[in-house]
Amino acid sequence: MGEGKLTEIRWHARGGQGAVTAAKLLAETALAQGQYFQAFPEYGPERMGAPIQAFTRISNEPIHIRSSVTNPEIVVVLDPTLLKAVDVTAGMGEDGILIVNTDEEPAAIREAMNLKGCKVFTVNASKIAQETIGRPIPNTPMMGALVKATGIISVESLADYVRKSFGKKFTEEIIEGNVKAVERAYAEVKAE
Amino acid sequence: MAKTAVKTRTVAMTGNAGCALAMKQINPDVVAAYPITPQTTIVEEFANYVANGQVDTEYVNVESEHSAMSACIGASAAGARVMTTTSSQGLALMWEELSIASAMRLPIVMHNVNRALSGPINIHCDHSDSMGARDMGWVQLFSENAQEAYDNTIIAMRVAEHEDVLLPVMILHDGFITSHAIDRFDILGDDEVKSFVGEYIPKRTLLDVDDPATFGPFAMPAFYYEQRKALRVALDGAKDVVIKVSKEYGELTGRMYGLFEEYKLDDAELGIIVLGSTAGTAKYVVDRMRVEGVKVGLLKPRLFRPFPSAEIADALSHLKAVAVMDRSDSIGALGGPVYVEVKAALYNSSKRPAVQGYVYGLGGRDTGPDQIETVINDIKKVAGGEEAPRETVTLIGVKE
Numbered sequence: 000m001g002e003g004k005l006t007e008i009r010w011h012a013r014g015g016q017g018a019v020t021a022a023k024l025l026a027e028t029a030l031a032q033g034q035y036f037q038a039f040p041e042y043g044p045e046r047m048g049a050p051i052q053a054f055t056r057i058s059n060e061p062i063h064i065r066s067s068v069t070n071p072e073i074v075v076v077l078d079p080t081l082l083k084a085v086d087v088t089a090g091m092g093e094d095g096i097l098i099v100n101t102d103e104e105p106a107a108i109r110e111a112m113n114l115k116g117c118k119v120f121t122v123n124a125s126k127i128a129q130e131t132i133g134r135p136i137p138n139t140p141m142m143g144a145l146v147k148a149t150g151i152i153s154v155e156s157l158a159d160y161v162r163k164s165f166g167k168k169f170t171e172e173i174i175e176g177n178v179k180a181v182e183r184a185y186a187e188v189k190a191e
Numbered sequence: 000m001a002k003t004a005v006k007t008r009t010v011a012m013t014g015n016a017g018c019a020l021a022m023k024q025i026n027p028d029v030v031a032a033y034p035i036t037p038q039t040t041i042v043e044e045f046a047n048y049v050a051n052g053q054v055d056t057e058y059v060n061v062e063s064e065h066s067a068m069s070a071c072i073g074a075s076a077a078g079a080r081v082m083t084t085t086s087s088q089g090l091a092l093m094w095e096e097l098s099i100a101s102a103m104r105l106p107i108v109m110h111n112v113n114r115a116l117s118g119p120i121n122i123h124c125d126h127s128d129s130m131g132a133r134d135m136g137w138v139q140l141f142s143e144n145a146q147e148a149y150d151n152t153i154i155a156m157r158v159a160e161h162e163d164v165l166l167p168v169m170i171l172h173d174g175f176i177t178s179h180a181i182d183r184f185d186i187l188g189d190d191e192v193k194s195f196v197g198e199y200i201p202k203r204t205l206l207d208v209d210d211p212a213t214f215g216p217f218a219m220p221a222f223y224y225e226q227r228k229a230l231r232v233a234l235d236g237a238k239d240v241v242i243k244v245s246k247e248y249g250e251l252t253g254r255m256y257g258l259f260e261e262y263k264l265d266d267a268e269l270g271i272i273v274l275g276s277t278a279g280t281a282k283y284v285v286d287r288m289r290v291e292g293v294k295v296g297l298l299k300p301r302l303f304r305p306f307p308s309a310e311i312a313d314a315l316s317h318l319k320a321v322a323v324m325d326r327s328d329s330i331g332a333l334g335g336p337v338y339v340e341v342k343a344a345l346y347n348s349s350k351r352p353a354v355q356g357y358v359y360g361l362g363g364r365d366t367g368p369d370q371i372e373t374v375i376n377d378i379k380k381v382a383g384g385e386e387a388p389r390e391t392v393t394l395i396g397v398k399e
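Residue numbers (numbering that gives the first Met the number 0), protein chains in the order written: chain A, 0 to 191; chain B, 0 to 399.
Right, here's the structure in full:
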C-alpha cells in the first residue's frame, strides 16, 4: 500500500459465515499496525443463509469518505454458491483482485465467470476451517488468503491479532485452530 | 495534531459503542431508554455496563419512548444527571415531552441516532426525525463520525448543565453509517471524563423540601409568553457556552470544535454545506476537485440549534455560490431545513453568495462522491453566470 492510498474491500458471504467478523477483525488488525480503517456491513434482512455484503476501507491516512463501497479493489467471496447468485465483481476494475472460497482452480473460476483482467485467487477455506477449527466457517482462513493475495497486512500481525482478539471469548483450542486456519490458507491459496 | 494535555487511547469501535462508552464515563444518575433501530446498540451496551456494575446509574426499563422521556423529566426535575437515547419513531413518540423538558429547563442529554421517519417504514439514515424536533427548545449538535459522536456526548453534558443554559441537548449521528461502522477514534480515560464533566449540583430540585419549588406549572396568557421568551434567551445563550466548553475540551484533547467546521473554505469560490457523515464524503470530493483546480470548500454545521446565523453568513460572505445539501425535506416549504436557515441567514447581508438547495439521501439512499461532484458542478455554472439561481430545491440521487 502506497502512502495515503485508500484500499476498499467488499466481502460477499451468506449470513452466519462470519463476513462481518472478518471485516471487523481486519479493521482491528489495521489499528494494531497504526492504520486508519472503516468496517461496515450492509444492513438489510439479516437471516442465516441470506446473501450479505460487508465492507472494509484501509488507509495510512485518515479516511473521510462515508458512502458505500461501489468500486472495490478487492472482492472476497466466502461462499462459492454466491458466484451464480450475486454479481460479485460489480464495480471492480480490471486491476481488481478476486479471492474465492472454492475447491476449484482460479482458471476455472475465471472461465465460469467470463472474467477479463483482474487477478483471481482461490482457496478451499471451508475444508481448511473444517480441518483446523472443526467447523466449516470460512472467515479466518479467507483472511489468510486475503493477506497473501494483497499484502495489505502481514500474516504475523493477523495471527497475533487473532490470538489477542479471540482470547477473550474462545478456548485455546479454537484460537489455535483459527491461527492454523489463517496460516494454512496463506500457504495454500492458489494464484493463476 | 495539536499537543494534548492528557493521554488518549485509540480504539476500533462503532459509533454507538463510542456513545455508550462516553455515557459510561459520564456515569449518569438515571438512564431511561427504550431500544429502537439503529440506536439499539447504545442501550444494549449501556445495559451491560449497568449489569456489570461499571456505573452507578439507575437504569429504568420503560415500555415506550413516551415513558422514557417522561421518566427522564421526572428524574431530572428531582435533581439527577439524566441521559437517554432514541431514533426516528422513538423521538416522534417523545414529542409532547420534548418541549416540556426544555420549558422546564432540564439538562437531559440524549443521543438521537438519525433515522428516517415512517412512512414508508425504513430503518436507515436521514435527518427527518431530529429536524422535526428543531423547534422544541433543545440544543442540537451534529456529528460527522464516531469521534465527534463520542466527543459531543461529553461536551453536551457540560453544555446542558451550564448555569447559563440549563437546557436539554440532543446529539445527532447518522444511523448505520456512523452508528454501526467500526471506526478509528481516540477516547479519554474514565477519570479525565469524570473530572471534565464534574459533579452536577442543581440549583433547584423537586425534592428539596427546605427550598420548595414548583416544576411545570400551568401558565395562563399572563405568564406563558414570558416563559417562552426566557427559553429563547437561554437557547440563544447556549451558543457561547458551546464555544467555551468545546474550547476547554479542545485544550484537553487537541480536538478543536467550533459552531461549524470550515474545510478549505478560506480561499474558496464555491461552498458546500452539509451535516453529518456526508460532510466526510464532501471533504473527500473537495480534496479531489481541488487537485483539478476547482476552488471549492466545505462548511459543516455542528450546532444546528441554536443556529449560528450571523457566524455562518460571515463565513460564506466571500463565496460566489453555495450548495446546501439537506438529508431531509421540509415538504411544502421552499426547501430542506438547512437550506432555508442558510438562505434566511444571508438575506440581510450585503455580501452574499447565490444559494442553491439540494435534498439527498432520504431513507438511507447512498450518497457517493459522484452526487456531490454533480452538485458542485451545478453551482459552478451559477457562479460563472451560465445559469441563473433557482428558487426550488433539486432532489439528487432519486429515481425518475
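Virtual Cβ for every residue (Gly too), placed ideally from N, Cα, C.
Listing by chain order, which chain A residues have their CB less than 8 Å from the CB of B:F175? F39, Y42
Chain B contacts made by the region 48 to 66 of chain A, where a contact means CB separation under 7 Å: H63, I64, R65, S66
Does the beta carbon of B:L187 sit closer than 8 Å to a beta carbon anywhere in chain A? no
Rounded to whole angstroms, what's the CA-CA distance from A:S125 to A:P61? Just pull it up for me. 35 Å
For chain A, is any of its Cβ atoms less than 8 Å away from the one on B:A50? no
Who are the neighbours of A:Y35 on chain B, taking C-beta pairs under 7 Å? Per Cβ cutoff of 7 Å: R183.
First and last residue of the beta strand (DSSP E) that includes B:D182? Per DSSP, B:D182 belongs to the beta strand (DSSP E) from 181 to 186.
Per the DSSP calculation, A:L30 is bridged to which residue(s)? BP columns for A:L30 are empty, so no partner.
Contacting residues, own chain, Cβ-Cβ under 8 Å from B:A332 (five flanking each side not counted): V339
List the whole-angstrom C-beta distance separating B:L274 from B:H126, where the pair is believed to meet the contact cut-off of C-beta under 8 Å. 7 Å
Report the neighbours of A:A193 on chain B: residues whose CB is nearer than 7 Å to its CB, in chain order. Since the displayed chain A opens at 0 and closes at 191, residue 193 of chain A lies outside it and no answer follows.
Under 7 Å by beta carbon: chain A residues contacting B:K282: H63
Would A:K83 pass as an interface residue toward chain D - the criterion being a Cβ-Cβ separation below 8 Å? This model lacks chain D altogether; the protein chains it does include are A and B.
Going by beta-carbon coordinates alone, are B:N111 and B:M169 separated by less than 8 Å? yes
When the cut-off is 8 Å and only beta carbons count, does A:T258 lie next to chain B? Not covered by the structure: residue 258 of chain A. The range shown for chain A is 0 to 191.
Can you tell which of B:A70, B:D239, B:K299 has the C-alpha that lies nearest to the C-alpha of B:E260? B:K299
Compare the C-beta of A:L157 against all C-beta atoms of chain B and say whether one is closer than 8 Å. no
At a Cβ threshold of 8 Å, is B:E365 touching chain A? A quick correction: the sequence has Asp, not Glu, at residue 365 of chain B. Against chain A, the CB of B:D365 has a partner CB under 8 Å away; the residue lies at that interface.
Output, in chain order, the set of chain A residues within a Cβ distance shorter than 7 Å of B:G279. H63, I64, R65
Return the bridge partner residues of B:M169 from the DSSP annotation. B:M109, B:Q139
Classify B:V208 as buried or exposed, calling it buried when 16 or more other Cβ atoms lie within 10 Å of its own Cβ. exposed
Alpha-carbon spacing of A:T139 relative to A:G150, whole angstroms: 16 Å
Going by DSSP in three states, B:D128 sits in which element: helix, strand or coil? Three-state DSSP puts B:D128 in a helix.
Would DSSP call A:E175 helix, strand or coil? helix
Nearest to A:A49 by CA position, among A:A26, A:Q16, A:S66, A:I64, is which residue? A:Q16
Nearest-angstrom Cα distance between B:T13 and B:I176? 10 Å
Going along chain A in order, which residues have a C-beta closer than 8 Å to the C-beta of B:L368? Correcting the residue type first, residue 368 of chain B is Pro in the shown sequence and not Leu. Correct list: I64, S66.
From this set, B:L171, B:Y357, B:L116, B:L165, which residue's C-alpha is nearest B:E143's C-alpha? B:L171
Under 7 Å from any heavy atom of the ligand NAP, does the C-beta of A:A144 make it? Ligands in the displayed structure: none, and consequently the ligand NAP is not present.
Is the Cβ-Cβ distance between B:L230 and B:G367 less than 8 Å? Between B:L230 and B:G367, the gap from beta carbon to beta carbon reaches 8 Å or more.
Go to A:K167, then tell me how far its alpha helix (DSSP H) extends in each direction, as first and last residue. Careful: A:K167 lies outside any alpha helix (DSSP H) and carries neither H nor E.
Which residues bound the beta strand (DSSP E) around B:Y248? B:Y248 -> not in any beta strand (DSSP E); alpha helix (DSSP H) instead, spanning 223 to 252.
Quick one: is B:A145 buried, meaning 16 or more other Cβ sit within 10 Å of its Cβ, or exposed? Buried, since its Cβ has 16 or more Cβ neighbours within 10 Å.
Using the Cα positions of B:K202 and B:I186, report the straight-line distance between them to the nearest angstrom. 31 Å
Could you tell me which whole beta strand (DSSP E) segments of length 3 or greater appear in the region 70 to 127 of chain A? 73 to 76, 96 to 100, 118 to 122
Could you check what DSSP says for B:A148 in three-state terms: helix, strand or coil? helix
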